[in-house]
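If you read the sequence shown in our numbering, its first letter stands for residue 1, the second for the next number, and so on. Below: the structure, in structure tokens.
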Amino acid sequence: MNVLELSEQEIVRRQSLQELRDMGIEPYPAAEFPTNAFSEDIKNAFKDEDEKREVVIAGRMMSRRVMGKASFVELQDSKGRIQVYITRDDICPEEDKTLYNTVFKRLLDIGDFIGVKGFVFRTQTGEISVHAQSLTLLSKSLKPLPIVKYKDGVAYDKFDDPELRFRQRYVDLIVNDGVKDTFLQRATVVRTIRRVLDEAGYTEVETPTLQAIAGGASARPFITHFNALNVDMYMRIATELYLKRLIVGGFEGVYEIGKNFRNEGMDRNHNPEFTCMELYVQYKDYNWMMSFTEKLLETVCIAVNGSTERKVGDNVISFKAPYRRLPILDAIKEKTGFDCNGKSEEEIRAFCLEKGLEVDETFGKGKLIDELFGEFCEGTFIQPTFITDYPVEMSPLTKMHRSKPGLTERFELMVNGKELANAYSELNDPLDQEERFKEQMRLADKGDDEAMIIDQDFLRALQYGMPPTSGIGIGIDRLVMLMTGQTTIQEVLFFPQMKPEKKIPQSSIKEWGEIGVSEEWAYVLRKAGFNLISDIRDEKAQGLQQKIGDINKKYKLGYEKPSVNDIQAWIDAAANVAVVTEEAE
Numbered sequence: 001m002n003v004l005e006l007s008e009q010e011i012v013r014r015q016s017l018q019e020l021r022d023m024g025i026e027p028y029p030a031a032e033f034p035t036n037a038f039s040e041d042i043k044n045a046f047k048d049e050d051e052k053r054e055v056v057i058a059g060r061m062m063s064r065r066v067m068g069k070a071s072f073v074e075l076q077d078s079k080g081r082i083q084v085y086i087t088r089d090d091i092c093p094e095e096d097k098t099l100y101n102t103v104f105k106r107l108l109d110i111g112d113f114i115g116v117k118g119f120v121f122r123t124q125t126g127e128i129s130v131h132a133q134s135l136t137l138l139s140k141s142l143k144p145l146p147i148v149k150y151k152d153g154v155a156y157d158k159f160d161d162p163e164l165r166f167r168q169r170y171v172d173l174i175v176n177d178g179v180k181d182t183f184l185q186r187a188t189v190v191r192t193i194r195r196v197l198d199e200a201g202y203t204e205v206e207t208p209t210l211q212a213i214a215g216g217a218s219a220r221p222f223i224t225h226f227n228a229l230n231v232d233m234y235m236r237i238a239t240e241l242y243l244k245r246l247i248v249g250g251f252e253g254v255y256e257i258g259k260n261f262r263n264e265g266m267d268r269n270h271n272p273e274f275t276c277m278e279l280y281v282q283y284k285d286y287n288w289m290m291s292f293t294e295k296l297l298e299t300v301c302i303a304v305n306g307s308t309e310r311k312v313g314d315n316v317i318s319f320k321a322p323y324r325r326l327p328i329l330d331a332i333k334e335k336t337g338f339d340c341n342g343k344s345e346e347e348i349r350a351f352c353l354e355k356g357l358e359v360d361e362t363f364g365k366g367k368l369i370d371e372l373f374g375e376f377c378e379g380t381f382i383q384p385t386f387i388t389d390y391p392v393e394m395s396p397l398t399k400m401h402r403s404k405p406g407l408t409e410r411f412e413l414m415v416n417g418k419e420l421a422n423a424y425s426e427l428n429d430p431l432d433q434e435e436r437f438k439e440q441m442r443l444a445d446k447g448d449d450e451a452m453i454i455d456q457d458f459l460r461a462l463q464y465g466m467p468p469t470s471g472i473g474i475g476i477d478r479l480v481m482l483m484t485g486q487t488t489i490q491e492v493l494f495f496p497q498m499k500p501e502k503k504i505p506q507s508s509i510k511e512w513g514e515i516g517v518s519e520e521w522a523y524v525l526r527k528a529g530f531n532l533i534s535d536i537r538d539e540k541a542q543g544l545q546q547k548i549g550d551i552n553k554k555y556k557l558g559y560e561k562p563s564v565n566d567i568q569a570w571i572d573a574a575a576n577v578a579v580v581t582e583e584a585e
């Protein structure tokens, strides 16, 4: 990278970096720096009457107040922040005061990592602090942090642009209070689910992410190419079919917490790469799974929030069992007055069109019902509600209902207007399963690109016999949103998918060279604000010479200044390039 592509602060920091090295100070030392305390632990344990406690701490310097021979620094470590008191004579006990006067005051910057050895005390203003007796540079920061300032509890100069926060999560975590807490709570959610499932005797397993058939859900997959076999593969859209194979193989209960990938849209509730927990248990049905799910979510909410309630936006959601159970066709009738029960595909399509839904001939009966539920019902269920007994057309992997013809033993758990979980009494009749797959292929032939593909190996596994089984999938990202009170999925993903970063259009160095501008002067022109060759065509040669000469002098580049005639030749060539481009267009 050319130095002129950097900001002024970045240039100054790199100069400081070099100066440190010239002084014999390594800005990125390899040696271990053993610490024995953290900021929050120090403050929580401090008592004025205790003997002086020696500590070794390390962290990022977040602020600095220099007052002559003494200074205060705010140090941020993995648990919080603590004030450090630094005096010249304490860290420079000998005659040489360079460490304080030059290194600390001039060459260190906000964002640098430092190590401090000292003792804990309380300042005259009552703040528990560390009195430094030695100071070590551990890592030099070359980019300046956005500094959030607080006054009377109000934050100023916030780093709050969502585009920047999600793209540069590392900066977001450093400067914005509360962001790290959300991800610590996420870890608690996952840890609690694992504990509950492990204590129930179920086994955590791993199944393939690359799959020959994208099965286990109705979704559009990502496709990749496997060079070694010269075949296209799919990133998995679900773990279901492999986990059921393990039930066939004799496991009592298996679960997996892992990534799924669906090549669909991005919004406040969807990310193409998402985390799901799927659980399958033999000899259970969907009624048992509803009860188990209630207890699981109640336990998770208590672990994260200390109670069974959580405020999300304007809603207070209670995860205390039991939850309401409502058949899907009853939910649609309740919200629209239309009874889908016994209606043909054409009758349901006609009602959808009457209600203004965008449906066409590729939509089967199940997808039409799904559209009705999504439009008129889903968003209305704020408190946890089990929507049950889905039509068979919507549930190709689900056992037929034991007492309701045409329906299946399936539920989806709705919370805060969104689906959180999907569960079945699993279909274990291999002949019925084969027919369901064939129906999915007929939907695919009609143009449904989310219909399932027949998985012959899964059918073979079922033919060996799968015991009665219940399974569930819970979206971890959405569950974390609920448990932490967040309203967008991007807030609970460290690195959500983003649109490509916008870049300022620039003529390449090669293109500048084609009009006679050398590489070093091309970077100078960019620094002066001329990103495209066309930007200089209306400049006066003398004025342009002055602008780039000022940059040459400011940054002490030492380049030989081009003559006015040379620069006029650049301008003329740029004008000719612009004319040729316009004529081509």
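For glycine and all other residues, C-beta sits at the position ideal for the given N, C-alpha and C. Please read these numbers as outputs of a predicted model, since none were measured by experiment.
Please list, in chain order, all residues of the same chain as Y523 whose beta carbon is under 6 angstroms from its beta carbon, the five residues on each side excluded. N2, L4
For the beta strand (DSSP E) containing E273, name the first residue and the last one. 273-282
Can you look up T98 in the DSSP assignment and give me helix, strand or coil? helix
Compute the Euclidean distance between the alpha carbons of E204 and Y242, then round it to the nearest angstrom. 13 angstroms
Which class does I504 belong to by DSSP, given the choice of helix, strand or coil? coil
From the DSSP output, in three-state form, read off A45 for me. helix
Within 10 angstroms of its Cβ, does K561 collect 16 or more other Cβ (buried), or is it exposed? exposed
Cut-off 7 angstroms between Cβ atoms - residues of its own chain near M400, not counting five sequence neighbours on either side: V392, T408
Is DSSP giving R245 helix, strand or coil here? helix
Please look up how many angstroms separate the CB atoms of E54 and F119, rounded, as I've assumed it's under 8 angstroms. 5 angstroms
Start and end of the beta strand (DSSP E) containing K418? 418-425
N422 to N260 span [Cα, whole Å]: 15 angstroms
Measuring only the C-alpha atoms, how far is S307 from G265? 34 angstroms
Rounded to a whole number of angstroms, what is the C-alpha to C-alpha distance between E583 and G417? Its pLDDT being 47, under 50, E583 is placed unreliably in this model, and the value from its coordinates should be taken loosely. Each residue's Cα considered, the two are about 56 angstroms apart.
Buried or exposed by the 16-neighbour rule on C-beta atoms within 10 Å, applied to L431: exposed
For E582, name the three-state secondary structure that DSSP assigns. Legend: pLDDT at E582 = 47, less than 50; position of this residue unreliable, no value from coordinates given.
If you scan the segment 456-523 from start to end, which runs of the beta strand (DSSP E) of 3 or more residues do you find wholly inside it? 469-475
Inter-residue CB distance, I174 and V130 (contact presumed, cutoff 8 angstroms): About 20 angstroms separates the two Cβ atoms, so there is no contact after all.
Inter-stretch contact (C-beta, 8 angstroms, three-pair minimum) for the segment 325-342 and the segment 381-391: yes
Helix, strand or coil at K355 [DSSP, three-state]: coil
DSSP beta-bridge partners for G118? V55, A132
According to the Cβ coordinates, are K69 and D48 closer than 8 angstroms? no
If we call anything under 8 angstroms between Cβ atoms a contact, is I332 one with F373? yes
If you follow the beta strand (DSSP E) that M233 is part of, which residue opens it and which one closes it? 231-235
Buried versus exposed call for G178 [16 or more other C-beta atoms within 10 Å across all chains shown]: exposed
Which of the three DSSP states, helix, strand or coil, is assigned to P562? coil
Buried or exposed for Q16, going by 16 or more other Cβ atoms inside 10 Å? Reading off the sequence, residue 16 comes out as Ser, not Gln. Classification of S16: buried, given that the 10 Å Cβ count is 16 or more.
Could you compute how far the alpha carbon of V312 sits from the alpha carbon of T484? 8 angstroms
Nearest CA to the CA of D572: which residue from K556, V517, K554? V517
Applying the 10 Å Cβ sphere with the 16-neighbour rule, what's the burial state of F590? Nothing about residue 590 can be read from this structure; the chain reaches only from 1 to 585.
A574 classed as buried or exposed, judged by whether at least 16 other C-beta atoms fall within 10 angstroms: buried
Mapping DSSP to helix, strand and coil, what is R537? coil
Within a Cβ cutoff of 8 angstroms, which residues of the same chain sit near L357, ignoring the five residues on either side of it in sequence? E371, L372, E375
According to the neighbour-count rule (16 or more other Cβ atoms, all chains shown, within 10 Å of its Cβ), is P384 buried or exposed? buried
Determine the direct distance from the alpha carbon of L443 to that of G366, and round the result to whole angstroms. 10 angstroms
N260 by DSSP, collapsed to three states: which one? strand
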